[in-house]
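A.B. asks: Protein chains in written order, with our numbering: chain A, -18 to 405; chain B, 51 to 343; chain C, 146 to 443. Dropping the structure in here first, questions after.
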Amino acid sequence: MIRKVLYATLASLALTVSAARAEDTIVWWDFLSGGDGVRMKAMLEEFNKEHAGKIKIDATTSEWGTPFYTKVQTATATGQGPDVMTYHESRMPLGVSEGVVSPLTPEELAAAGIKASDFSPANWKAAQGPDGKQYGVPLDIHSIILYYNKDLLKKAGLLGDDGKPKGLDGAANFDAALAKLTANGVVGLSTATADNATMWRIFYTLLSQQDGQFVKDGKFLDGDNLDKATTAIAEMQKWVKTGATPAKTEYPASIALFTSGKAAMHINGVWEVPTMVDLAKKGQLFDWGAIQIPTFYAHPATWADSHSFAIPDRKGNPVDAAKRKEVLDAIHWFNEHSLEWAGGGHVPAYLPVQESAEFKALKPNSDYVSLAKTAVFDPVSVLAGVASPVYDAAGNYVMPAMNGEMAPADAAKQMRDDLQGQAK
Amino acid sequence: MLRSKRSEVITAAVLMAPFVVIYGVLFVYPTVKMVQLSLTNAPLIGAGKWVGLDNYFRLASDRLFSVAIWNTIYFVILSVAPSTLIGLLVALGVNRLKGWLQSVVLAAFFLPYILPVSVVFRIWAWIFDKDFGVAQYVIGPLNGGQHLSIFRTIPLFMPAVAFVTIWWLIGFNVLLFIAGLRNISSEIYEAAGLDGASRWAQFTRITWPLIWPVTVLVFTIQLILQLKIFDQVYLFANGGRTDATIVMVQYIFKQAFQVNKGGLAAAAAVVLFALIVILSVLQFQLLKARGAR
Amino acid sequence: MTASVESGADLVAPLAARRLARLRHLDLVGLVITLVTLVAAVFWAFPLYWGLVTTFKHEYEIVQPGFQIWPKHFTVENYVHVLLQTKIGLWYLNSLITSVAVMLIVVATSACAGYAISQLDFPGRRFFWWMILASFMVPVSALIVNHFILMSQFKLINTLAGVVGPQLVYAPVTIIIYKQFFDSVPKDFREAAVIDGASELQLLFRIYLPMNWGVTTALAIITFIGAWNQFLWPFLAVSSEDKMNITVGITQVHDAFGVSYGRDLAVAMLAALPVALVYLIFQRRVTQAIMLSAGIKG
């Protein structure tokens, strides 16, 4: 009797041990919270279900920005850290210089079916280091768009028959449109004028639309780029000065202004699309739409960044080859399933999905997917990227200028001097 | 005699041992390393080359560093004396009450202390929110009918953060003051009352002098604590003009984690440490001299 | 400080008549002081109340103009997601374990060291005292990277012990306070007990500690609270959800974007709730203990 129990116990132990050994765990760190977090969690569950018994992704989230990147730094430098992590492409030069990301060899990428031709050239390049090596695989392209209230625009005569805004292209036209809306007693444009990230994104968009370059050959806002920067900041300042955009508005308040029907337009990231969609579904939102940011100057362009996957460079405890293979296979899976991710408002980086019929039919993404063609990624500099000195500079100079506390020319100059000084 | 001296030393050794081990490993060693690091150009983690006092010279010529020093001192001026004084006043007020009323009132002042800084931040950011905060009902009329963003208006930032900090941490001071007040026997007050001393006289002649040691203690502790301010300033300034309101510990973290200059950050930390030592020793001597009258 | 006895009723009785005459005059000022205290207490408590009541409102009600002191529609929807779909129970448990550990170790170590420095004479006494003062003045947050490297060398990253470790040096103020309060214990106690043949340890545990029970309680509470509310170190030291404490865990919470004043406040409140409840329940005990600390002095 006892022997039978003993054998049974041993057998079940053996089974659990072998089963445990058969299922490999991938440790995953991301900074995706909010709606993005919910969506990614769902995708992770789907992945784990599909690969049950073989691979399991164990994911933890840290706060977006400085907290996440600080943790990655300290962990990798001491041989800790995950097997895979999300990483903003805008921060790749900084990440490479810190030594936190490990290069992905062409062979292992090919083995997982990840090809450069499946991504837009700018997107693929933005995940490379200055040495030309590939450090990340993009998942999406996310940008800022113009959300609008169809009813309020219609009342001001700014809505075309196709339900899309008209008369917004060209800085002068845009300003005139704002004036019309303000005359109607409506907030023309609400945006987070107290948030440095938002300031950066709008500024960089307006700069790029003038063919301006933020960094060139290690020089910040060199030559006539300084004037273009001044022009961009001056335009932003005008919106606040004329009362069309409320000054010093915090991020959640800027959204609330729009969703409560007080503001006709709202500039924010694509990640707030689910917010609008959910509210509309509950019947708590007006007739709304979203388009690419209007072209103020020479040609269309929008700031864009990209969530990419990277494998950390753990000092003394690198991710072994077998695990790397599993990670890259998983990344490929996420790319193939990025239509789900697009539900969060993003544009899938993986071209087969981006150009698929299903994505083309996805609303409202298809209304602004045109931005992907003229998307401009953050400047390639160790001072740029999320939670970097460049973002800080936007808060220290662009923000006060937009809110009327600094002259645009001064703001541009001081920003240039500050960043140039740090570039030593 | 000899034996009792020896046993005294052994007892002391036993009593001090845990402290010595813990502090030796977790304080002395890292601090020594930090000073070492300040003389190199090391990144956040890893070794660096010896550069002598180069980091210190860099700090001296970095405008942002002087801004950080000034902001820290400004914040201390705004928060330490007021919080000490308010703590004493609250303790005096609470001390007069009895029974359940005293418990309730004490809880009202002490509850904020138990909150983590994230809750304090969320509550006050919400109360002062430019668009939807309840404080705008008071601020608006004072500002010509316009809502005002307190934390994004630079001249108001430090006072506002000091205000929030005092609200948050007053419980600690109140607790110490109450313990100190209770140490003053009621007989002295009775005797003074008999002699016809007014309330004010009782306060200035009895309470104030007798509570002076506790006042000095509270003031010194607050001074040292607030010189190390970080969380509130970081949270309330996040996303905005962080450079204008930067404080020392923030500067240290910026150099360490954002700019990846571990050696420079260590040098800044050493300077902060020196500043704290100088200021606290100075003020302690000053206050002790006054109290010795 | 003169010795006194709390209940001096027999001394007061003959003086009562004279005091009564003064009472009528003093009462007005006293009343004003009490009123001011009460009003101040209401103002002090309001922000916490306001934050709390906001968490029970719907988001759309939160951004409505107007001042609603009580929710129009009381709701717990802001809490539901966090409570039901996360490992919040585990985070609370981790917080409890690490906070209690820090509290016990710090208070015990500090009382012993504070006593030794205050009452005993041994070589290096001054040096240790200066070291304690210095450790209070060093910005400990600057040591955080060194702590991380140390803990990783001891293989304590992502363990509860690793979370507790560095926190033990966050509050040298406990030793300082103990030393101050031990210093102020009248010497006659000590002399009397020594004559009776008491050892140092007996002195510590039978006289000095009991006389300062209020301080011990206060320091225990403050240390516990400090440990519970720690964020930066536990955040860096722990990478798996199962080992997170509550302050770190709540930043894990995945919930929709958009306007989330109520939700953000609710999530933050959950981190503070247990400690608040514990304080409120044991509040009487705490204040009594502190009040009592000065009682037996005679």
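The beta-carbon is built from N, C-alpha and C at its ideal position, and this holds for glycine as well.
Go to S171/A, then tell me how far its alpha helix (DSSP H) extends in each direction, as first and last residue.
C.D. replies: No alpha helix (DSSP H) holds S171/A; the beta strand (DSSP E) holding it covers 168 to 171.
A.B. asks: Can you look up D268/A in the DSSP assignment and give me helix, strand or coil?
C.D. replies: In this structure, DSSP gives D268/A a state outside helix and strand, which the three-state scheme calls coil.
A.B. asks: Below 9 Å on C-beta distance, what does G234/C contact in chain A?
C.D. replies: The premise fails here: G234/C is roughly 17 Å from chain A at the closest Cβ pair, so nothing lies under 9 Å.
A.B. asks: Please return the same chain residues whose Cβ sits closer than 7 Å to the Cβ of K136/A, not counting the five positions on each side in sequence.
C.D. replies: N165
A.B. asks: What residue range is occupied by the uninterrupted alpha helix (DSSP H) comprising I358/A?
C.D. replies: With the sequence shown as reference, residue 358/A is identified as Phe, and Ile is not the correct amino acid for it. That residue, F358/A, is in no alpha helix (DSSP H); its beta strand (DSSP E) goes 356 to 358.
A.B. asks: Under 8 Å between the Cβ atoms of I262/C and G407/C?
C.D. replies: Taking C-beta atoms as the reference points, I262/C and G407/C fail to come closer than 8 Å.
A.B. asks: Give me the chain A residues within the contact set of T292/B, using Cβ-Cβ distance strictly less than 9 Å, ordered along the chain.
C.D. replies: Those within 9 Å of T292/B in chain A are N177, D373, G376, N377.
A.B. asks: Can you list, in chain order, the residues of its chain whose CB lies under 6 Å from that of S235/A, leaving out five sequence neighbours each side?
C.D. replies: S171, T172, A173
A.B. asks: Alpha helix (DSSP H) containing N346/A: first to last residue?
C.D. replies: It spans 346 to 349 - the alpha helix (DSSP H) in which N346/A sits, taken as one unbroken run.
A.B. asks: Would you identify the three-state DSSP class for P381/A, choosing helix, strand or coil?
C.D. replies: helix
A.B. asks: Any Cβ of chain B within less than 8 Å of the Cβ of A406/A?
C.D. replies: Outside the shown range of chain A (-18 to 405) lies residue 406/A, about which nothing can therefore be said.
A.B. asks: Among residues of its own chain, excluding the 5 on either side of T186/A, which ones have a beta-carbon nearer than 6 Å to its beta-carbon?
C.D. replies: I274, T283, W284
A.B. asks: DSSP on I248/A, reduced to helix/strand/coil?
C.D. replies: strand
A.B. asks: Answer yes or no: does any C-beta atom of chain A fall closer than 8 Å to that of Y406/C?
C.D. replies: yes
A.B. asks: Could you give the residue range of the beta strand (DSSP E) that holds L127/A?
C.D. replies: First-last of the beta strand (DSSP E) with L127/A: 121 to 130.
A.B. asks: For the segment 129 to 139 of chain B against the segment 266 to 280 of chain B, are there 3 or more C-beta pairs whose distance is under 8 Å?
C.D. replies: yes
A.B. asks: Relative to the C-alpha of P255/A, which candidate in G15/A, I183/A, I36/A, Y50/A has its C-alpha closest?
C.D. replies: G15/A
A.B. asks: Mind checking which residues open and close the beta strand (DSSP E) that includes K37/A?
C.D. replies: 36 to 42
A.B. asks: If I follow the unbroken alpha helix (DSSP H) through D373/A, where does it start and stop?
C.D. replies: Element bounds for D373/A: 370 to 374.
A.B. asks: Closest by CA to F201/B, which one among D179/B, N193/B, W217/B?
C.D. replies: D179/B
A.B. asks: Where do the ends of the alpha helix (DSSP H) carrying M396/A lie?
C.D. replies: Unbroken alpha helix (DSSP H) run through M396/A: 389 to 403.
A.B. asks: Relative to chain C, which residues along the segment 248 to 280 of chain B have a C-beta separation below 7 Å, given in chain order?
C.D. replies: R249, L267, I271, I274, K278, F280
A.B. asks: Output the boundary residues of the beta strand (DSSP E) element that contains I7/A.
C.D. replies: 5 to 11
A.B. asks: Mind checking which residues open and close the beta strand (DSSP E) that includes F290/A?
C.D. replies: 288 to 291
A.B. asks: Can you tell me whether T42/A is buried or exposed? The criterion is at least 16 other CB atoms within 10 Å of its CB, across all chains shown.
C.D. replies: A residue is called buried once 16 or more other Cβ atoms fall within 10 Å of its Cβ, and T42/A is buried on that count.
A.B. asks: For V150/C, would you say it is in contact with chain A, using Cβ-to-Cβ distances shorter than 8 Å as the test?
C.D. replies: Below a pLDDT of 50, predicted positions are generally treated as unreliable, and V150/C, at 47, falls in that range; the measurement from the model is reported next regardless. With 8 Å as the cut-off, V150/C does not count as an interface residue toward chain A.
A.B. asks: Sort F28/A, V65/A, I7/A by Cα distance to E317/A and report the nearest one.
C.D. replies: F28/A
A.B. asks: So does the segment 110 to 124 of chain A actually touch the segment 82 to 94 of chain A, counting three or more Cβ pairs closer than 8 Å?
C.D. replies: By the Cβ rule, the segment 110 to 124 of chain A counts as touching the segment 82 to 94 of chain A, because three or more pairs are nearer than 8 Å.
A.B. asks: For the alpha helix (DSSP H) that contains V188/B, what are its first and last residues?
C.D. replies: 186 to 192
A.B. asks: Anything in chain C within Cβ reach of E253/A, meaning under 8 Å, just list it in chain order.
C.D. replies: What E253/A touches in chain C: F402, G403.
A.B. asks: Beta strand (DSSP E) containing Y66/A: first to last residue?
C.D. replies: Position check: residue 66/A holds Met in this sequence, whereas Tyr was assumed. 65 to 69 is the extent of the beta strand (DSSP E) around M66/A.
A.B. asks: Mind pulling the chain C residues with CB within less than 9 Å of T172/A?
C.D. replies: Going along chain C, no residue has its Cβ under 9 Å from T172/A, so there is no contact; the nearest lies around 15 Å.
A.B. asks: Residues in its own chain within less than 6 Å of W181/A by CB, not counting five upstream and five downstream?
C.D. replies: Excluding five sequence positions before and after W181/A, the CB atoms of its chain that fall closer than 6 Å to its own CB belong to Y372, A375, given in chain order.
A.B. asks: Given a cut-off of 8 Å, decide if D286/A and H69/A are closer than it, judged by their beta-carbon atoms.
C.D. replies: Result yes, Cβ atoms of H69/A and D286/A sit closer than 8 Å.
A.B. asks: Given I320/C, which residues of its chain have a CB within under 7 Å of its CB, disregarding the five upstream and five downstream residues?
C.D. replies: S255, A258, G259, I277
A.B. asks: Which same chain residues, not among the five before or five after Y232/A, have their C-beta less than 6 Å away from its C-beta?
C.D. replies: A173, D176
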